[in-house]
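Residue numbers (the working numbering), protein chains in the order written: chain S, 1 to 266; chain Y, 1 to 324; chain A, 1 to 277.
Below is one structure; the comments refer to it alone.
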Amino acid sequence: MPNNEIIFEGKNLVKEFGHGKTLCTALKGMNFQIKEGEIVTLVGGSACGKSVLAKHMLGFLLPTKGEFLYRGKKITNQRDHWQDVQPIFQDPFSAFNQFYTIREQLEDSFNVFYKKPSKAEVKKRVDDALLAVNVQPSELEGKFPFELSGGQMQRMLLARIFALKPKVLIADEATSMVDACVRANILDYLMKLKEELNMTIIFITHDIGLAYYVSDRIFIVDDGQIIEQGTPDEVALTPKTAVTRHLLDDIPDIHKPWIVRKGHAQ
Amino acid sequence: MALFEVKNLSLHYLTRFGSKVHAVSDVSFELEEGEILGIAGESGCGKTTLVSGLMGLCIPPLYPSQGDVFVEGDPLMNRTPQDIRENILSRKVSMIPQGAFNALNPTRKIKDLAMDVIVSHEGKKAKKKEMYERIFNRFELLGMETARVLNSYPVQLTAGERQRSVIGISTLLNPKMVIADEPTSALDVTTQKQVIGMIFDLLEKKVFSTMIFITHELPLLRHVADRICVMYAGEIVEMGTSEQLVFDPRHPYTKALMSAMLSAEEGARGKKPEAIEGAPPFLGNEIIGCRFAPRCKYAKEDCKTKKMEIRIVGDRQVRCDYAE
Amino acid sequence: MKILKNLLKEPTFVFGSGLFLLTIGLAIFGPYIFTINTESVNLPYQNPGAGLILGADHLGRDMLSMLISGLKNSLFVGFMAGTIATTLGTLLGVYAGYKGGILDDIINMVTNLVLVIPSFVVLLLISASLEEGRSLQLIALIIGLTTWTWTTRSVRAQTSSLKSSEHINLARVNGASTFTILTKHILPYLLSYIFMVFIIQVASGILQEASISMLGLGPYDSISLGNIMNDAMKNEALGDGVWWAFIPASMLITSIVFSLYTLNTSMEGVFNPALRK
Ligand SMILES: Nc1ncnc2c1ncn2[C@@H]1O[C@H](COP(=O)(O)OP(=O)(O)OP(=O)(O)O)[C@@H](O)[C@H]1O
Ligand SMILES: Nc1ncnc2c1ncn2[C@@H]1O[C@H](COP(=O)(O)OP(=O)(O)O)[C@@H](O)[C@H]1O
Ligand code: SF4
Ligand SMILES: [Mg+2]
Ligand SMILES: [Mg+2]
Chain S
1 MPNNEIIFEG
11 KNLVKEFGHG
21 KTLCTALKGM
31 NFQIKEGEIV
41 TLVGGSACGK
51 SVLAKHMLGF
61 LLPTKGEFLY
71 RGKKITNQRD
81 HWQDVQPIFQ
91 DPFSAFNQFY
101 TIREQLEDSF
111 NVFYKKPSKA
121 EVKKRVDDAL
131 LAVNVQPSEL
141 EGKFPFELSG
151 GQMQRMLLAR
161 IFALKPKVLI
171 ADEATSMVDA
181 CVRANILDYL
191 MKLKEELNMT
201 IIFITHDIGL
211 AYYVSDRIFI
221 VDDGQIIEQG
231 TPDEVALTPK
241 TAVTRHLLDD
251 IPDIHKPWIV
261 RKGHAQ
Chain Y
1 MALFEVKNLS
11 LHYLTRFGSK
21 VHAVSDVSFE
31 LEEGEILGIA
41 GESGCGKTTL
51 VSGLMGLCIP
61 PLYPSQGDVF
71 VEGDPLMNRT
81 PQDIRENILS
91 RKVSMIPQGA
101 FNALNPTRKI
111 KDLAMDVIVS
121 HEGKKAKKKE
131 MYERIFNRFE
141 LLGMETARVL
151 NSYPVQLTAG
161 ERQRSVIGIS
171 TLLNPKMVIA
181 DEPTSALDVT
191 TQKQVIGMIF
201 DLLEKKVFST
211 MIFITHELPL
221 LRHVADRICV
231 MYAGEIVEMG
241 TSEQLVFDPR
251 HPYTKALMSA
261 MLSAEEGARG
271 KKPEAIEGAP
281 PFLGNEIIGC
291 RFAPRCKYAK
301 EDCKTKKMEI
311 RIVGDRQVRC
321 DYAE
Chain A
1 MKILKNLLKE
11 PTFVFGSGLF
21 LLTIGLAIFG
31 PYIFTINTES
41 VNLPYQNPGA
51 GLILGADHLG
61 RDMLSMLISG
71 LKNSLFVGFM
81 AGTIATTLGT
91 LLGVYAGYKG
101 GILDDIINMV
111 TNLVLVIPSF
121 VVLLLISASL
131 EEGRSLQLIA
141 LIIGLTTWTW
151 TTRSVRAQTS
161 SLKSSEHINL
171 ARVNGASTFT
181 ILTKHILPYL
191 LSYIFMVFII
201 QVASGILQEA
211 SISMLGLGPY
221 DSISLGNIMN
231 DAMKNEALGD
241 GVWWAFIPAS
251 MLITSIVFSL
261 YTLNTSMEGV
271 FNPALRK
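Right, dumping it as structure tokens:
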């Protein structure tokens with residue numbers, strides 16, 4: 001991968017919201033590079049700035065100070081940017097419009113392309129994508145978002161990606177609501193797609209098992225800064241900071257002790 | 001007599017088109033005082049629906065199909081929601097709905113929300129000051145800055161503080177049992193650990209004694225629950241102690257779940273998760289045979305046509321005639 | 001359908017809509033039930049009696065006929081003013097709330113400006129400066145143009161809280177234009193809210209018309225409930241104990257406005273899940 005182009009680059013990236021008394025610095029000087037074809041996972045506690053960073057990658061937010069570059073350039077036109085970079089959002093419950101069917105909304109997502117494929121092609125790509133997330137297209141016919149559960153909705157967001165086939169995927173807690181079997185399945189498919197398109201994937205998760213399994217590199221984010229970046233082995237086996245160690249300790253895993261209920265035999 | 005007993009409970013939704021979705025089928029279990037029962041299953045398998053049924057609160061489009069729930073021998077089905085709210089809810093069993101801490105009335109302070117609960121069950125007998133003291137003393141157990149939290153509006157608190165407050169409020173009337181639907185799923189891992197720590201603390205201090213803990217995260221349940229039920233497509237497919245389920249699963253679905261588990265720990269690290277094709281069946285049609293059959297690698301000829309009943313295999317309950 | 005069912009379970013809704021339909025019914029079907037004649041064919045302030053259910057006014061016009069015509073005109077003013085105010089307020093509010101930035105600041109400033117100008121005074125000034133051309137339509141237009149501000153405010157607030165919902169972001173990365181986002185992804189969510197705002201706007205339009213008419217600045221040469229009250233006041237009906245000259249008219253206004261407000265609060269309980277028990 002060393003010769004691959006740099007996809008995202010942060011140079012002392014700072015993001016502030018509000019001003020005066022309400023000033024809140026969400027990103028406090030981040031420096032990083034992500035290369036084409038890489039899978040990077042952002043791990044961190046709540047409100048540490050993961051989603052804000054993800055919003056920069058999507059072109060929703062611009063930095064207050066410092067630089068944020070996509071393929072060496074600042075993001076100026078959002079629609080141009082979205083030809084290549086597409087998201088899976090964190091909250092599947094509010095991700096779809098309640099007034100239209102899921103199918104309609106999946107097909108609408110092709111509107112982002114300057115060259116929209118033909119109707120038949122769109123339909124076929126949506127059908128294939130649904131099958132990839134283990135949903136029969138016929139079962140989805142006429143279904144509205146409020147008739148699906150969180151996990152089913154999350155699969156719909158994944159199906160959208162499988163239909164659009166973007167060059168870069170920003171996935172914020174993309175599999176937090178599906179069971180381990182479905183997750184394994186989706187990861188299989190995603191990895192196939194990644195190989196095929198040389199896709200770059202940014203995962204955001206607190207599932208260290210998942211991070212360990214899929215990532216080329218893991219970034220530990222804390223209080224608006226990337227305090228550690230390295231391969232999964234470096235981060236999981238020899239964490240350099242106390243914050244990382246704490247974070248790893250807090251994650252429940254079947255193979256290690258966690259909290260024990262006092263006065264209770266387990 | 002068990003504190004809480006569920007017998008053959010089935011529930012369905014009536015859809016807009018008049019067809020039925022059988023979201024929960026034939027669920028039975030008993031819960032003794034002092035126990036934590038975990039219910040695990042993929043999103044959409046019927047956990048939240050089951051919770052409504054467990055409380056006897058079937059609000060249209062949800063309807064009971066058969067079975068009953070008993071709280072200390074007292075049946076809940078076919079009672080009015082009002083009756084249940086007055087006599088069971090908060091007093092005997094408290095329910096913490098999924099995402100409740102994100103849906104608190106934003107215009108009322110935590111102390112007012114807490115007082116509402118007392119007033120709605122006990123009337124306006126007590127003076128405000130007395131009620132506040134009672135609430136204050138209870139909130140002291142939750143390990144937060146009590147005065148600040150009580151005098152804050154929900155938006156001024158972190159998610160963790162809100163969830164702890166919800167647990168505090170819903171145990172104000174000293175119920176024996178708490179049913180919590182995904183109480184930590186929307187929290188980050190550090191806050192999740194704090195909230196679980198607090199729940200254990202309340203159990204130790206005997207604020208309540210028994211709990212049903214619902215989540216889709218098996219690794220979490222392994223540490224929280226004494227016994228675990230695994231649900232699949234509305235049915236319980238396996239029930240046993242958490243050790244049994246996690247380290248020695250018998251039902252093919254539970255086995256599949258465990259072999260798809262990812263872990264960064266010694267021994268399990270970097271293991272490729274085993275994927276299985278397909279997805280849970282659509283519950284709009286009546287399914288006769290085993291619901292897992294289309295995806296089961298041990299499936300036999302008659303699995304798709306024979307109704308599977310719960311049976312005892314190796315000391316736990318399994319809904320599969322071929323499990324050993 | 002389900003919403004309607006829920007609404008019908010709400011006693012306040014049934015009461016409010018019943019009362020409102022009754023008044024509308026009187027305006028529409030009144031002319032078919034009673035003979036309408038608003039010429040001066042009776043004695044001034046003739047007592048109610050056979051053939052003259054509600055007596056006559058100071059010019060000897062049949063009071064019932066006057067009321068039915070006045071009701072129709074008052075409702076017309078209310079609906080027209082309400083439609084203008086709601087449409088204008090919604091369009092500006094949705095746009096400002098979604099777009100933010102400088103346009104939002106401008107709209108916000110104008111809104112605040114119009115909000116602090118006592119709109120009733122403006123209404124009086126404009127009305128006073130016009131005499132002949134003070135038609136029902138013009139009065140409605142003026143009311144509409146001076147009362148849209150609080151619709152803008154509340155719609156704007158609703159829109160900016162909706163804006164942070166993830167489905168708007170999804171629509172954006174789906175390549176939806178601002179127009180599509182406003183019409184497909186924001187307005188449907190606000191529809192029930194806007195409907196409630198509309199009801200309040202209609203009620204306040206009717207009240208405003210009655211108020212300026214009471215001061216003698218109402219629609220020129222047409223009958224409205226406010227004008228009837230104004231006539232009664234001018235001609236000392238109160239002092240003379242001619243109750244039929246003002247009590248039925250004021251009761252009609254009260255019942256329309258009251259029914260609309262009741263409707264509004266009853267719907268809030270159904271549309272707003274936070275208030276649902
Ligand atoms: N639009 C905004 N306006 C003001 N503050 C914001 C905004 N978006 C995010 N923040 C603040 O920035 C910080 C980082 O938030 P962010 O959403 O990135 O957290 P996160 O790491 O994704 O957390 P989680 O795991 O809970 O999703 C928080 O303090 C948050 O309140
Ligand atoms: N209002 C509803 N109408 C029809 N089907 C519903 C409704 N609510 C939930 N369901 C269906 O019932 C099943 C169980 O849902 P739920 O209990 O919310 O799952 P969980 O809590 O396990 O994620 C799902 O298949 C879901 O699509
Ligand atoms: S009953 Fe048959 S299909 Fe079902 S789990 Fe057992 S072996 Fe598999
Ligand atoms: Mg986030
Ligand atoms: Mg649920």
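Ideal Cβ placement from N, Cα and C applies to all residues, glycine included.
Under the three-state reduction of DSSP output, residue 287(Y) falls in the coil class, being neither helix nor strand. Listed in chain order, the alpha helix (DSSP H) elements of length 4 or more contained wholly in the stretch 197-240 of chain A are 225-234. Listed as beta-bridge partners of residue 33(S) by DSSP are 9(S). Contact annotation: in the stretch 73-102 of chain S, residues whose CB is within less than 7 Å of a CB in chain A are 79, 82, 86, 87, 89, 91, 94, 95, 96, 97, 99. Judged by the Cβ position, residue 252(Y) qualifies as a neighbour of ligand 3 at the 6 Å threshold, a heavy atom of the ligand being closer than this. In this chain, the alpha helix (DSSP H) harbouring residue 181(S) covers 180-197. Residues of the stretch 123-147 of chain S that bring their beta carbon within less than 7 Å of a beta carbon in chain Y comprise 134, 135, 139, in sequence order.
Listed along chain S, the residues sitting closer than 9 Å to residue 176(A) by beta-carbon distance are 108, 111, 112. Under the Cβ criterion of 7 Å, residue 170(A) is counted among the residues facing chain S.
According to the DSSP secondary-structure assignment, residue 7(Y) is paired through a beta bridge with 68(Y). Under the Cβ criterion (8 Å, minimum of three pairs), the stretch 175-182 of chain Y counts as touching the stretch 193-209 of chain Y.
The beta carbon of residue 222(S) sits no closer than 7 Å to any beta carbon of chain Y. Contact annotation: residue 155(Y) and residue 97(Y) have beta-carbon atoms that are not nearer than 7 Å.
Taking non-hydrogen atoms of ligand 3 into account, the C-beta of residue 58(Y) is found less than 6 Å away from none of them.
Within the same chain, Cβ atoms closer than 7 Å to the Cβ of residue 182(Y) are found at 98, 214, 215, the five residues on either side in sequence being excluded. In the same chain as residue 3(Y), and ignoring 5 residues on each side of it, the C-beta atoms closer than 7 Å to its own belong to 31, 32, 33, 72, 176, 177, 210, in chain order. Between residue 218(S) and residue 227(S), the CB-CB gap reaches or exceeds 7 Å.
Residue pairing from DSSP places residue 94(Y) in a beta bridge opposite 178(Y). DSSP places residue 123(S) in the uninterrupted alpha helix (DSSP H) bounded by 119-132. Shown here, residue 195(A) sits in a helix according to DSSP, grouped into three states. Per DSSP, residue 240(Y) is not a residue of any alpha helix (DSSP H); the beta strand (DSSP E) it occupies stretches across 235-241. Taken through DSSP and simplified to helix, strand or coil, residue 66(A) comes out as helix. It is roughly 14 Å from the alpha-carbon of residue 280(Y) to the alpha-carbon of residue 236(Y). When Cβ-Cβ separations below 7 Å define contact, residue 1(Y) makes no contact with chain S. Shown here for residue 126(A): same chain residues with a beta carbon closer than 6 Å to its own, the five before and five after excluded, namely 142 in chain order. DSSP, read as helix, strand or coil, puts residue 45(Y) in coil.
Residue state for residue 26(S) is assigned as strand, using DSSP reduced to three classes. DSSP places residue 87(S) within a strand segment (E or B) once states are collapsed to three.
In the DSSP assignment, no residue is bridged to residue 152(S). Within chain A, no C-beta atom comes less than 9 Å from the C-beta of residue 61(S); the nearest is roughly 11 Å away.
By the Cβ-count criterion, residue 98(S) is exposed, with fewer than 16 other Cβ atoms from all chains shown falling within 10 Å of its own Cβ.
For residue 58(A), the three-state secondary structure derived from DSSP is coil.
At a cut-off of 7 Å between beta-carbon atoms, residue 263(Y) makes contact with chain S. In this structure, residue 35(S) lies near residue 6(S), with their beta-carbon atoms less than 7 Å apart. Taking one beta carbon from each stretch, the stretch 91-106 of chain A and the stretch 62-74 of chain A have fewer than 3 pairs nearer than 8 Å; the two do not touch. Residue 202(S) holds the alpha-carbon nearest to the alpha-carbon of residue 40(S) among 12(S), 242(S), 202(S), 185(S).
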